[in-house]
Amino acid sequence: MNRRPLILTALAAALPWGALAQTAPAGTSDLVVAQIGPFTVLPAPDPKELNEGIRAGLAEVNAAGGIQGRTVRLLTLDDTYTYEGFKTQLAKALEAKAVALLTPLGSATLKAMLDDKLLDSTDIVVLNAVPGAKVLREPGHPKLFHIRAGDEQQIRKIVAHARALNIQSMGVLHQDIPMGSSGLASAQAAAKAEGGSVEITSYPSSTDPAAITSAAQALAKASPHSALVVGAPKFSGEAIAALRKAGVVQQIFTLSYLPAPALVKFAGQGARGVGIAQTFPNPAGVSLGLQRDFRAAMKKTHPDLTLYSPFHMEGYITARVFAAAARRARTLTPSGIAQSLHAMGELDLSGFRTNFSKSNEGSGWVDIGVATADGKLIY
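Put into structure tokens, the structure is as follows:
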């Protein structure tokens, strides 16, 4: 495969898609996509499981002939949970002529990417950034597309559900990162939209275990009718465990980033009854065509895996959405794929729909699963 140096010019920065627009290589060279994430340093399951789901989806695409006769190749790049690491790996992705970045992770890193206007001067489209924090969507960026329902939509669903259960107060234990502060604001806005009938109180915390314990104890002492935990998966699991240890028996909710099996590892029996927002169909289900396709692809690509998480499903769906847009693209370039995402309208993946025709947010699908003590979800 031909390579080119990464050259960022003033002219490129001045144009919406950069002056260095990539052209599809002639012949049958691979179509390259990349995933950049914290595969080391951050002890969380999401980067690895997203990657496994993406690989299953792309293997399915390649088995069916690829994209316009070209094999799709995935670069897996570790940013060591730092923005500097992200920039270094993004340069490698661009050097390899990657047309899309799939499921990059980290609210702080992605917010810095937007604040530094990094996408203004790079020729790549970003599909399904994780998390779905509001600060990554408003104002967002023309090259940044979101498949999963945003944190605001998840929290709105949680608050409405709480209101339906006659819950009148909710303590929000949130991590001190953009995702956490944005989540608190979303909870306050959702409560206001419900007529102010759910009182929201804030309990910020760092990832330090002592800080999490202190915040959990403060929330327990205040004894609201319910608790909402907003943060990265490890933080959320530790916070829920701390809440249970502090004596919180009330309803606890959290966002979609914490898989139920991981919650059990953190909280043990305390996982029972925790409501977890879901932004994709149940990976253990078989009623939808999507679920059956997903399970077949995972079994073929990862025969040693027996339990599938929502992150596996998310990665698989991301690969499918990318492939659908790329197949319809007039040119296999970042701008061509972005234009195709907008132009293709509603995409039905046999039970899960996306539509980017009006904005860069493709899905608003949210459900709430209730965790069992053995790490399953009841919908």
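Position in the sequence shown (from 1) plus 10 gives the number in the working numbering. The beta-carbon is built from N, C-alpha and C at its ideal position, and this holds for glycine as well.
If you look at serine 191, you'll find it in the alpha helix (DSSP H) that goes 188–203. With respect to the C-alpha of phenylalanine 245, the residue from Lys255, Ser215 and Ala237 having the closest C-alpha is Ser215. With a cutoff of 7 Å on beta-carbon distance, isoleucine 64 and valine 331 are scored as not near each other. Note: phenylalanine 155 is bridge-paired with Leu137 in the DSSP secondary-structure output.
Between valine 239 and the set Thr92, Asp133, Ala197 and Lys275, the nearest pair of CA atoms involves Ala197. Within the segment 207–253, the complete alpha helix (DSSP H) segments at least 4 residues long are 219–232, listed from N- to C-terminus.
Secondary structure of glutamine 301 (DSSP, three-state): helix. For asparagine 176, the number of other beta carbons within 10 angstroms of its own is below 16, and it is reported as exposed. Within its own chain, the residues whose Cβ lies closer than 8 Å to the Cβ of histidine 312, once the five positions on either side in sequence are excluded, are Glu62, Arg65 and Ala66, listed in chain order. Nearest neighbour of alanine 108 by Cα position, chosen from Thr81, Phe276, Leu85 and Thr223, turns out to be Leu85.
In the DSSP assignment, asparagine 61 falls within the unbroken alpha helix (DSSP H) covering 56–73. For histidine 312, the three-state secondary structure derived from DSSP is coil. Judged by their CB atoms, threonine 90 and threonine 50 are nearer to each other than the 7 Å cut-off. Under the three-state reduction of DSSP output, serine 369 falls in the coil class, being neither helix nor strand. Annotation: the continuous beta strand (DSSP E) that includes glutamate 356 extends over 356–358. Contact between the segment 133–144 and the segment 100–116 is established, with three or more Cβ pairs separated by less than 8 Å. One thing to note: serine 192 has its Cβ no nearer than 7 Å to the Cβ of valine 259.
Rounded to whole angstroms, the gap between the alpha carbons of leucine 265 and lysine 127 is 28 Å. Rounded to the nearest angstrom, the gap between the Cα atoms of alanine 336 and isoleucine 347 is 6 Å. Residue state for glycine 361 is assigned as coil, using DSSP reduced to three classes. The beta carbons of alanine 270 and leucine 104 sit no closer together than 7 Å. Nearest Cα to isoleucine 378 within the set Ala339, Ala200 and His171: His171. Here aspartate 161 really is in contact with proline 141; their C-beta atoms are around 6 Å apart, less than 8 Å. In the DSSP assignment, the residues bridged to isoleucine 77 are Arg80. Looking at the DSSP output, threonine 264 sits in a beta bridge with Val239 and Ile286.
Arginine 338 sits close to methionine 354, with the two beta carbons spaced by under 7 Å. Residue burial annotation: glutamate 94 is exposed, with fewer than 16 other C-beta atoms found within 10 angstroms of its C-beta. With 16 or more other Cβ atoms from the protein chains shown falling within 10 Å of its own Cβ, lysine 167 counts as buried. Between alanine 329 and leucine 68, the CB-CB gap stays under 7 Å. With respect to the C-alpha of leucine 100, the residue from Ser131, Lys255 and Gly76 having the closest C-alpha is Ser131. Distance between serine 233 and aspartate 384, taken at the CA atoms: about 27 Å.
Tyrosine 213 counts as buried, since no fewer than 16 other beta carbons sit within 10 angstroms of its beta carbon.
Exclusion of the five residues before and after glutamine 279 leaves Ala383 as the residues of its chain whose Cβ lies within less than 6 Å of its Cβ.
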